[in-house]
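Participant: Numbering (my numbering), first residue to last: 3 to 509. No residue lacks a Cβ here, since even glycine has one placed at the ideal position from N, Cα and C.
1) Considering only their Cβ atoms, is the gap separating residue 66 from residue 1 smaller than 8 Å?
2) Here's the rule I'm using: 16 or more other beta-carbon atoms within 10 Å means buried, otherwise exposed. How should residue 371 be labelled?
3) So what does DSSP say about residue 119, is it helix, strand or coil?
4) Using 10 angstroms around the beta-carbon of residue 410, count the other beta-carbons present and answer buried if the total reaches 16, otherwise exposed.
5) When the Cβ atoms of the segment 109-126 are set against those of the segment 181-190, are three or more pairs found closer than 8 Å?
6) Going by DSSP, what residues sit across from residue 178 in a beta bridge?
7) Here's a check: name, in chain order, each residue in its chain whose Cβ is nearer than 8 Å to the Cβ of residue 456, leaving out the five neighbours to either side.
8) Can you tell me which residues form a DSSP beta bridge with residue 165?
9) Name the residue from 343, 216, 397 whose alpha carbon lies nearest to the alpha carbon of residue 368.
10) If we count the other Cβ atoms within 10 Å of its Cβ and call it buried at 16 or more, is residue 274 buried or exposed?
11) Could you check what DSSP says for residue 496 in three-state terms: helix, strand or coil?
12) Could you tell me which residues DSSP puts in a beta bridge with residue 216?
13) Give the range of the alpha helix (DSSP H) segment to which residue 94 is assigned.
14) Looking at C-alpha atoms only, which residue of 9, 47, 10 is the closest neighbour of residue 19?
15) Are residue 382 and residue 92 close, meaning C-beta to C-beta below 8 Å?
16) From 70, 59, 54, pick the residue whose C-alpha is nearest to that of residue 433; which is it?
17) Please determine, among 108, 180, 168, the residue with the shortest C-alpha to C-alpha distance to residue 59.
18) I believe residue 572 touches residue 474 by the beta-carbon criterion, under 8 Å. Please report the beta-carbon distance rounded to the nearest angstrom.
19) Just tell me which of 447, 120, 157 has its CA closest to the CA of residue 496.
20) Cα separation between residue 217 and residue 38?
21) Per the contact definition of three or more C-beta pairs closer than 8 Å, is the segment 229-241 in contact with the segment 204-211?
22) To which residues of the same chain is residue 86 closer than 8 Å at the C-beta, ignoring the five residues directly before and after it?
23) Tell me whether residue 145 is buried or exposed, calling it buried when 16 or more other Cβ atoms sit within 10 Å of its Cβ.
24) In angstroms, rounded to a whole number, what distance separates the CA positions of residue 444 and residue 209?
25) How should residue 5 be labelled, buried or exposed, when 16 other C-beta atoms within 10 angstroms of its C-beta is the threshold for buried?
26) In or out: residue 175 buried (at least 16 other Cβ within 10 Å) or exposed?
27) Just how far apart, CA to CA, sit residue 422 and residue 78?
28) Please list, in chain order, all residues of the same chain as residue 35 whose beta carbon is under 7 Å from its beta carbon, the five residues on each side excluded.
29) Nearest CA to the CA of residue 10: which residue from 50, 26, 118?
30) Exposed or buried, what is residue 140 when buried is set at 16 or more other beta-carbons lying within 10 Å of its beta-carbon?
31) If you draw a straight line from the alpha carbon of residue 179 to that of residue 452, how long is it in whole angstroms?
32) Taking DSSP's pairing of strands, which residues face residue 458 in a bridge?
33) Mark residue 425 as exposed unless 16 or more other C-beta atoms lie within 10 angstroms of its C-beta, in which case mark it buried.
34) For my contact list, residue 363 and residue 412 are in at a C-beta cut-off of 8 Å; report their separation, rounded to the angstrom.
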């Protein structure tokens, strides 16, 4: 079992699984492949390979049980099962799918063998980081291309709770090839952090230039997606990146006020930079629209005076809307090709800066408190609310039934009650203590990797305050969170002593 050959094959199988799993969630969250058969074709082999790896890990559980904080994740999983059992009347296929994905998240993406080498884990991180940047780049190029040609498309998937699938530049925001503009923005945020990391590792100017271009493209997507979630995430993440870098270099408390101020400044710049891009674009488009309107008015005046006498009775003019409707698999799809338009939502946020979230969160607390010990289970949120609290905002609004609370903490509370919330709090506190007790003791090269991993985790954690991210949504965000958290925790299992020897931390 411990032969080098067996371990090598096992490591290869794990990498293949992680790449395959990542491909599956990419296809699942891309609106160009949404609902297509290719997703199922990709899913079943991935699940079979994952089941094999989970079975192996259960048989050799002693090799994995020493992974720091894994026991807390197991408790959270048990809490999920308890909520499912207590709410069987509300359960559905969605609950079983989430259960399977939690096993894959915690058991494969997060957990590593006690005997795994730091070098192997670091190489795997570099591979998955490069894959993520490539994925973000391809999707961003497609999305910006859609915007450049004025492509817009949308249809309602009635088989998925009337979910609206949008593509291109739709409703004043760039969706592009991503299923959701917030998802696309977070993908670009983490890709920016990874590009900065690789720029520090690569000495060739060509590589540095290539990563710089990627960063610029990702910033354009964040700006045109009009994602406030993306702005908060990149601001928080880059502020954390700057603070970690400054504190690692100079740890005297007298210098930390300067370090903190610099981190806040970096975060603010990163927050407002996409806004500046959006403002500049909107100004240019506004000027173009005004110029075109002036030309059209001038042409109309000339043609009106010359054609008024020549117009025959009964003649009429026609206008083309540029909008066509087609049917695919019984779904009515509305597509259009429109001229350049400003990045501006087709609804006002005045008077409700949260975009309904405050009402939703208040309703989530109401539902959670009505079932504090077991929760409703995640699939049971809507049916439980309809049955027991029909007047609560989740199911009584002019929009739709909210199956997610747009906040991962509230998702856990409503779904798994106070037990789940308490376990989540213990997990967060344990991880914070674990990471910050060790990260400063890393050597410079190792610290750079840990720094960018923690930056991406901060970005994804910030995102989870405004949308489902790492627990109940099967997306690239969830995969990246658990993979990167696993990489970070494992890298910190060993810390350098004064004589540069490695000593394993007993946890």
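Facilitator: This is what the structure gives:
1) This structure leaves residue 1 out entirely; the chain is present only between 3 and 509.
2) By the neighbour-count criterion, in which a residue is buried when 16 or more other Cβ atoms sit within 10 angstroms of its Cβ, residue 371 is exposed.
3) Looking at residue 119 - three-state DSSP - the assignment turns out to be coil, as it is neither helix nor strand.
4) buried
5) no
6) 170
7) 242, 246, 437, 441, 490
8) 159
9) 397
10) exposed
11) Looking at residue 496 - three-state DSSP - the assignment turns out to be strand.
12) DSSP lists no partner for residue 216.
13) Here residue 94 belongs to no alpha helix (DSSP H), and DSSP marks it neither H nor E.
14) 47
15) In contact: residue 382 and residue 92 (Cβ atoms closer than 8 Å).
16) 70
17) 108
18) The requested residue 572 does not occur in the structure, where the chain is confined to residues 3 to 509.
19) 120
20) 31 Å
21) no
22) So the list reads 93, 97, 101, 379, once near-sequence residues are dropped.
23) Burial call: buried.
24) 26 Å
25) exposed
26) buried
27) 6 Å
28) 29, 41
29) 118
30) exposed
31) If you draw a straight line from the Cα of residue 179 to the Cα of residue 452, it comes to about 31 Å.
32) The partner list for residue 458 (beta bridge, DSSP) is empty, contrary to what the question assumes.
33) buried
34) Between residue 412 and residue 363 the Cβ distance is about 6 Å, and since that is below 8 Å, they are a contact.
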